[in-house]
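Just so you know, the protein sequences line up as chains A and B, in that order. According to the working numbering, the first sequence is numbered sequentially starting from 2. According to the working numbering, the second sequence is numbered sequentially starting from 2. Notes follow the structure.
Number of protein chains: 2
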Amino acid sequence: MSEEGAKIAVIGLGNAGLPLAAVVADSGIMVMGVDINEERCRLINRGGNPIPEEAGLEELIKRHGGKRLVATPHFEDARGCSTYIVIVPVFVDGGNNPDFSILEKALYSLGKILKKGDLVVLETTFPPGTTEGMVQSRLCESSGLRESDFFLAYSPERIMTGYSLSRLREFPKVIGGRDEESGIVAYQVYKKFISNLHLVSSAKVAEMIKVMEGCYRDVNIALANELFKICQDMGIDFFEAREKANHQFCHIHLPSTGVGGHCIPVYPWFLIKEMEKREHFSNRRLLRTSRDVNDEMIRYWAERILLECMKINKPLSSIKICIKGITFRAGVKEFYHSRNLALARLLMEKGLDAYVYDPLLSELDVQKKGLRYIEPDKADLLFDPFELKFQISKNKRTT
Amino acid sequence: MSEEGAKIAVIGLGNAGLPLAAVVADSGIMVMGVDINEERCRLINRGGNPIPEEAGLEELIKRHGGKRLVATPHFEDARGCSTYIVIVPVFVDGGNNPDFSILEKALYSLGKILKKGDLVVLETTFPPGTTEGMVQSRLCESSGLRESDFFLAYSPERIMTGYSLSRLREFPKVIGGRDEESGIVAYQVYKKFISNLHLVSSAKVAEMIKVMEGCYRDVNIALANELFKICQDMGIDFFEAREKANHQFCHIHLPSTGVGGHCIPVYPWFLIKEMEKREHFSNRRLLRTSRDVNDEMIRYWAERILLECMKINKPLSSIKICIKGITFRAGVKEFYHSRNLALARLLMEKGLDAYVYDPLLSELDVQKKGLRYIEPDKADLLFDPFELKFQISKNKRTT
Numbered sequence: 002m003s004e005e006g007a008k009i010a011v012i013g014l015g016n017a018g019l020p021l022a023a024v025v026a027d028s029g030i031m032v033m034g035v036d037i038n039e040e041r042c043r044l045i046n047r048g049g050n051p052i053p054e055e056a057g058l059e060e061l062i063k064r065h066g067g068k069r070l071v072a073t074p075h076f077e078d079a080r081g082c083s084t085y086i087v088i089v090p091v092f093v094d095g096g097n098n099p100d101f102s103i104l105e106k107a108l109y110s111l112g113k114i115l116k117k118g119d120l121v122v123l124e125t126t127f128p129p130g131t132t133e134g135m136v137q138s139r140l141c142e143s144s145g146l147r148e149s150d151f152f153l154a155y156s157p158e159r160i161m162t163g164y165s166l167s168r169l170r171e172f173p174k175v176i177g178g179r180d181e182e183s184g185i186v187a188y189q190v191y192k193k194f195i196s197n198l199h200l201v202s203s204a205k206v207a208e209m210i211k212v213m214e215g216c217y218r219d220v221n222i223a224l225a226n227e228l229f230k231i232c233q234d235m236g237i238d239f240f241e242a243r244e245k246a247n248h249q250f251c252h253i254h255l256p257s258t259g260v261g262g263h264c265i266p267v268y269p270w271f272l273i274k275e276m277e278k279r280e281h282f283s284n285r286r287l288l289r290t291s292r293d294v295n296d297e298m299i300r301y302w303a304e305r306i307l308l309e310c311m312k313i314n315k316p317l318s319s320i321k322i323c324i325k326g327i328t329f330r331a332g333v334k335e336f337y338h339s340r341n342l343a344l345a346r347l348l349m350e351k352g353l354d355a356y357v358y359d360p361l362l363s364e365l366d367v368q369k370k371g372l373r374y375i376e377p378d379k380a381d382l383l384f385d386p387f388e389l390k391f392q393i394s395k396n397k398r399t400t
Numbered sequence: 002m003s004e005e006g007a008k009i010a011v012i013g014l015g016n017a018g019l020p021l022a023a024v025v026a027d028s029g030i031m032v033m034g035v036d037i038n039e040e041r042c043r044l045i046n047r048g049g050n051p052i053p054e055e056a057g058l059e060e061l062i063k064r065h066g067g068k069r070l071v072a073t074p075h076f077e078d079a080r081g082c083s084t085y086i087v088i089v090p091v092f093v094d095g096g097n098n099p100d101f102s103i104l105e106k107a108l109y110s111l112g113k114i115l116k117k118g119d120l121v122v123l124e125t126t127f128p129p130g131t132t133e134g135m136v137q138s139r140l141c142e143s144s145g146l147r148e149s150d151f152f153l154a155y156s157p158e159r160i161m162t163g164y165s166l167s168r169l170r171e172f173p174k175v176i177g178g179r180d181e182e183s184g185i186v187a188y189q190v191y192k193k194f195i196s197n198l199h200l201v202s203s204a205k206v207a208e209m210i211k212v213m214e215g216c217y218r219d220v221n222i223a224l225a226n227e228l229f230k231i232c233q234d235m236g237i238d239f240f241e242a243r244e245k246a247n248h249q250f251c252h253i254h255l256p257s258t259g260v261g262g263h264c265i266p267v268y269p270w271f272l273i274k275e276m277e278k279r280e281h282f283s284n285r286r287l288l289r290t291s292r293d294v295n296d297e298m299i300r301y302w303a304e305r306i307l308l309e310c311m312k313i314n315k316p317l318s319s320i321k322i323c324i325k326g327i328t329f330r331a332g333v334k335e336f337y338h339s340r341n342l343a344l345a346r347l348l349m350e351k352g353l354d355a356y357v358y359d360p361l362l363s364e365l366d367v368q369k370k371g372l373r374y375i376e377p378d379k380a381d382l383l384f385d386p387f388e389l390k391f392q393i394s395k396n397k398r399t400t
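Here is the structure:
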């Protein structure tokens, strides 16, 4: 690929990076996608789509894969680009601190090919201050460039698996620079492929925007879970009350088994840990409580399952309990921080005869997770964690 | 007034009851309004409006006061009615438990005139279960009737001082019966003057709907306050971030000095105390934390005021600090649980030279509250609790 052809490199072709790379390519810009997964790169270059649940992506990759969108496992191949978009995951570790290891590796490799005048835009969600802090330091260290030698900005991805293309095309997207010039340069580049684009005053503000959204979701799901438990306790139909309580000024969310996935249960920790590091504990009380309320929902559901078991005419230990779905979200084969998986494990730890069934998983898939597979009709009690519904199999009920 | 003339009695002509009574009268129904405040009754009967800040109310009372809407301090005068709407306040006491004393007094008096076949509808916001529990018991005790002798329902007021008429006319209003027949009878009566009316399955659900709305507001204001403190701590403009974070799925509220008034800071306690009574402490963690976060905001603002004082070229104790507004909400002359009033008192307790100014209050009004009045231009430092803005008077700044 010639230097003037490939203009934009997308570092990370995961669930967030690949839809973005496809949208950039579809806008007419040559894209070099970099991902350590060689098999994924080969598939993309053949026009194949590794994320089938992403609406519209298949068509874009078929059209551009190996042509306007070239995937490679080698950073070296992206040397000719002038814009580098970094969109690799940042998780939290066992202590809920951000784990930058994947990002730091990517920044080190990027630094090796970074030139004076290039633009680097981060899309990964991480704690506010990371772009102007850690990211800039690593890039300078690895490239030997000074801060002022390259433009640096931040624009948070707002994808949601299944809806990522429409989000990129319609949803407002914000971008903010490490400094004013970086912001303007990044805005001009992004404007070529993002129509609903908004320049904000700094990278830090753009980082906070994304984290705040996650916090809003987490706290409001915790509120829904708490109100659901209270309604249950008081003999009130939560769903009926919620439907009528909600209006243009009231947005009570849905209850659940907790919050899983890479986003909502992770982002609040970015702020919680920052406040704890500063010993400003009173500044993170609500966020921390919400995390706890959501994570502890699996204990609530385990108790509810036990109460259902009491209705079945068998000793507790021999009631076959089936958790019908262990992905973190219905219809998406992902398990990161899945509370449904955690619920199945909790039941097993308590010595119950617990099994799982998931329409997205084979018996072998289930066994690989250390769980036991069952066909739903063989279980005495089914619990659907997405519908929050119990089902006792026929002729098993005591009364 | 003849018996067939007065059909509906509204018990309580306060900020919630009077707009309702006026709307009922305006729909063509004869209304007998009962309120212990004799002066207020006389004013209404002369066609005068005691709530000037309520848009459109003046016109309605001018038209119907003393004619289709007759106010009286005597329950006896409402004896001829067949529907009784009770809309008197329930507050919380010093221990945050509901204080039913005003309501119980009203129910006792109502029982004395209640007849077989009458309908009683409660509009007061109180803990779910109160209608079918305490309210029914008191009415039976006082009237000597059996439960099945009268219809009983609940329909929460959704007023907001200043917008109450438009809320009654446009906003969805729910109603639920103690039993199915009560619900249907009450729905038919209310339908005559409320167009956007929805029947729900029980009085308890209707009670919970109102309380849930308040909890949603309180938790989301606590979230806004917490995110505001975090942004301040991290050097990020909260308002810029909020504006861009909010979209159709994200509704981050505005920060404040806390939450005052009769509604939002009160309703969460109805659920918190009920869960504490049942010793289900884990079911009220988020609601409780939110209450604390909001109530403690005055400490945060006191600290911010001190930091502003450090910029002024005077000893701390001689800096004249003015809190510009002590009502609980801008433009409404009410003080119930006002955090701005509490902030002014906190500063005085700390021995600071604190004063207040409020465009709605005279010097004497201020002094009656045990506070000291100042003209804003005489103060060294102004804090506007509604705008959350500081202003240091000219020539007082150190640097």
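A virtual CB, placed ideally from N, CA and C, is assigned to each residue, including glycine. All figures in this text were calculated on a predicted structure; none of them were measured in a lab.
Heavy atom of the ligand FAD within 7 Å of residue i beta-carbon
i, result
"Val206/A", "No copy of the ligand FAD appears in this structure; indeed no ligand is present at all."
C-beta atoms of residue i and residue j nearer than 8 Å
i, j, result
"Gly57/A", "Leu166/A", "yes"
"Asn16/B", "Ile160/B", "yes"
"Cys42/B", "Thr84/B", "no"
"Asp238/A", "Val206/B", "yes"
"Ala187/A", "Val294/A", "no"
"Ile45/B", "Gly66/B", "yes"
"Asp381/A", "Lys395/A", "no"
"Asn284/A", "Asp234/B", "yes"
"Tyr217/B", "His263/B", "no"
"Val24/A", "Ile9/A", "no"
Same chain only: Cβ atoms within 8 Å of residue i, ignoring 5 sequence neighbours per side
i, result
"Met2/B", "Confidence is the limiting factor: at Met2/B the pLDDT is only 36, short of 50, which leaves the residue's position unreliable and the question unanswerable from this model."
"Asn247/A", "Ile253"
Residue-level contact to chain B via CB, residue i, 8 Å cutoff
i, result
"Ala26/A", "no"
"Met135/A", "no"
"Leu389/A", "no"
"Tyr268/A", "no"
"Gly178/A", "no"
Contacting residues, own chain, Cβ-Cβ under 7 Å from residue i (five flanking each side not counted)
i, result
"Phe76/B", "Val35, Ser110, Leu111, Lys113, Ile114"
"Glu5/A", "Since pLDDT at Glu5/A reaches only 42, below the 50 mark, its modelled position is unreliable, and the value read off the structure follows with that caveat. Answer for Glu5/A: no residue qualifies."
"Asp296/B", "Gly259"
"Ile299/A", "Thr258, Gly259, Arg340, Ala343, Leu344, Leu347"
"Glu143/B", "One detail in the question is off: residue 143/B reads as Ser in this sequence, not Glu. Cβ neighbours of Ser143/B beyond the five flanking positions: Leu108, Tyr109, Gly112, Lys113."
Sequence-distant residues of its chain with Cβ nearer than 6 Å to residue i (five each side left out)
i, result
"Met311/A", "none"
"Asp150/B", "Lys117"
is_contact[residue i, chain A] using C-beta, thresh 8 Å
i, result
"Ile237/B", "yes"
"Val220/B", "yes"
"Ala242/B", "yes"
"Pro90/B", "no"
"Met31/B", "no"
"Pro173/B", "yes"
Top-ranked residue by Cα proximity to residue i, from the options
i, options, result
"Arg289/A", "Val220/A, Ile320/A, Leu361/A", "Val220/A"
"Gly13/A", "Val186/A, Tyr358/A, Glu158/A", "Glu158/A"
"Asp376/B", "Leu365/B, Val357/B, Leu361/B, Lys390/B", "A small correction: the amino acid at residue 376/B is Glu; Asp does not occupy that position in the sequence shown. That would be Val357/B, whose Cα lies nearest to the Cα of Glu376/B."
"Ile393/A", "Leu307/A, Ser339/A, Ser28/A", "Leu307/A"
"Asp354/A", "Pro360/A, Leu361/A, Asp366/A, Lys379/A", "Lys379/A"
"Glu105/B", "Thr131/B, Met298/B, Lys321/B", "Thr131/B"
"Ser291/B", "Leu365/B, Leu224/B, Val267/B", "Leu224/B"
"Glu191/A", "Gly352/A, Arg243/A, Gly177/A", "A small fix is needed here, since residue 191/A is Tyr in this sequence, not Glu. Answer by Cα proximity: Gly177/A."
"Met209/B", "Lys245/A, Arg398/A, Glu335/A, Thr162/A", "Lys245/A"
"Thr125/B", "Phe229/B, Val11/B, Glu60/B", "Val11/B"
"Lys174/B", "Asn197/B, Gln189/B, Phe152/B", "Asn197/B"
Chain D contact for residue i (CB, 8 Å cutoff)
i, result
"Asp234/B", "No chain D is part of this structure, whose protein chains are labelled A and B."
Checklist entry - Could you give the uninterrupted runs of the alpha helix (DSSP H) lying entirely in the region 177 to 257 of chain A, keeping only those of 4 residues or more? => result Qualifying alpha helix (DSSP H) stretches, in chain order: 181 to 191, 204 to 235, 239 to 246.
Checklist entry - Of all the alpha helix (DSSP H) runs that stay within the bounds of the region 301 to 357 of chain A, which reach a length of 4 or more residues? => result 340 to 350
Item to check | Runs of alpha helix (DSSP H) lying entirely within the region 54 to 96 of chain B, each at least 4 residues, in chain order | outcome: 58 to 65
Checklist entry - Taking the runs of the beta strand (DSSP E) that are 3 residues or longer, which of them lie wholly in the region 20 to 53 of chain B? => result 31 to 35
Item to check | Whole beta strand (DSSP E) elements within the region 255 to 294 of chain B, 3-residue minimum | outcome: none
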